[in-house]
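Order-wise, the sequence lines are chains A and B. Heads up: the first sequence begins at 1 in my numbering, then just goes up one per residue. Heads up: the second sequence begins at 1001 in my numbering, then just goes up one per residue. Cβ atoms here follow ideal geometry from the backbone N, Cα and C, with glycine treated the same way. Bear in mind the structure is a predicted one, so any value in this text is a computation, not a measurement. Worksheet for the structure shown next.
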Amino acid sequence: GDSVTQMEGPVTLSEEAFLTINCTYTATGYPSLFWYVQYPGEGLQLLLKATKADDKGSNKGFEATYRKETTSFHLEKGSVQVSDSAVYFCALSEETSGSRLTFGEGTQLTVNP
Amino acid sequence: NAGVTQTPKFQVLKTGQSMTLQCAQDMNHEYMSWYRQDPGMGLRLIHYSVGAGITDQGEVPNGYNVSRSTTEDFPLRLLSAAPSQTSVYFCASSYSSGAAFEQYFGPGTRLTVT
């Protein structure tokens, strides 16, 4: 079945540091890929998405590129802020699964001033 | 728009009790889902619905029932609570946006079963 694997966390960075959170996936078809963010005490919010190979999703300074050859969708940001502290989830949905999402385990990011 | 709303925010149950977690959305989305979030395991799909009157099981459906009598509401019923159901529950609604579905999540219900 489908699966998503994220880098082990938690991740602690200083403000203005470069961020990478790794995400790899296993899927039978051609999935759409997502990054969701969860701020403390809140539900998940869509951060960015990519629907086909080589697509780059971007939002709020975050980027991720859909790499079919390495089955990866790594999240990057050039300069993190304290306000980026949150849990980040990588997820996929298959063409045949419609609205159903398969999530990674989540990565806790803490950014210190 | 209120988006996706969930009630209650917190709940404590004793083993064997039953309860219903409420979920409502005002965006006229066809698709709705229930997930549970457990530490180190991400979110796992419990049940989902592709429209009023149509529901199906997700990855971890045992011990839970759902129904979808209206587009707006998608309640989740715990039939006989067990400590293994201690978790944070999220309801989501979604619509098709081109090749992918955009999911909108509620704020969650934190459930403790003692």
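- Scanning its chain for C-beta atoms nearer than 8 Å, with the 5 sequence neighbours on each side dropped, one finds around Glu1059 of chain B the residues Arg1044, Leu1045, Ile1046, in chain order.
- Following the DSSP letters along the chain, one finds Ser1096 of chain B inside the beta strand (DSSP E) bounded by residues 1087 to 1097.
- Residue environment: Lys77 of chain A is assigned as buried (16 or more neighbouring CB atoms within 10 Å of its CB, all protein chains considered).
- In chain order, His1047, Tyr1048, Ser1049, Val1050 place their CB closer than 8 Å to the CB of Asp1056 of chain B, counting only its own chain and leaving out the 5 sequence neighbours on each side.
- In the three-state reduction of the DSSP assignment, Ser1084 of chain B falls in the helix class, which pools H, G and I.
- The straight-line gap separating the alpha-carbon atoms of Phe62 of chain A and Thr1015 of chain B is approximately 43 Å.
- When only Cα atoms are considered, Val1012 of chain B and Arg1036 of chain B end up about 16 Å apart.
- Three or more Cβ pairs closer than 8 Å define a contact, and the segment 26 to 36 of chain A meets that threshold against the segment 84 to 96 of chain A.
- Going by DSSP, Asp1056 of chain B is part of the beta strand (DSSP E) stretching over 1054 to 1057.
- Shown here for Ser1093 of chain B: same chain residues with a beta carbon closer than 7 Å to its own, the five before and five after excluded, namely Val1004, Gln1025, Met1027, His1029, Tyr1031, Met1032, Tyr1104 in chain order.
- Following the DSSP letters along the chain, one finds Glu1102 of chain B inside the beta strand (DSSP E) bounded by residues 1100 to 1105.
- Secondary structure remark: continuous beta strand (DSSP E) runs of at least 3 residues inside the segment 58 to 98 of chain A, in chain order: 62 to 65, 75 to 77, 86 to 93.
- Exclusion of the five residues before and after Val1113 of chain B leaves Leu1013, Thr1015, Ala1081, Ala1082, Pro1083, Gln1085, Thr1086 as the residues of its chain whose Cβ lies within less than 7 Å of its Cβ.
- In this structure, DSSP gives Gln1017 of chain B a state outside helix and strand, which the three-state scheme calls coil.
- Closer than 9 Å to the CB of Val1004 of chain B there is at least one CB belonging to chain A.
- In the three-state reduction of the DSSP assignment, Asn1001 of chain B falls in the coil class, being assigned neither a helical nor a strand state.
- The beta carbon of Pro10 of chain A sits closer than 8 Å to the beta carbons of Thr107, Gln108, Leu109, Thr110 from its chain, once the five residues preceding and following it are set aside; these are given in chain order.
- Here DSSP, grouped into helix, strand and coil, assigns Lys1009 of chain B to coil.
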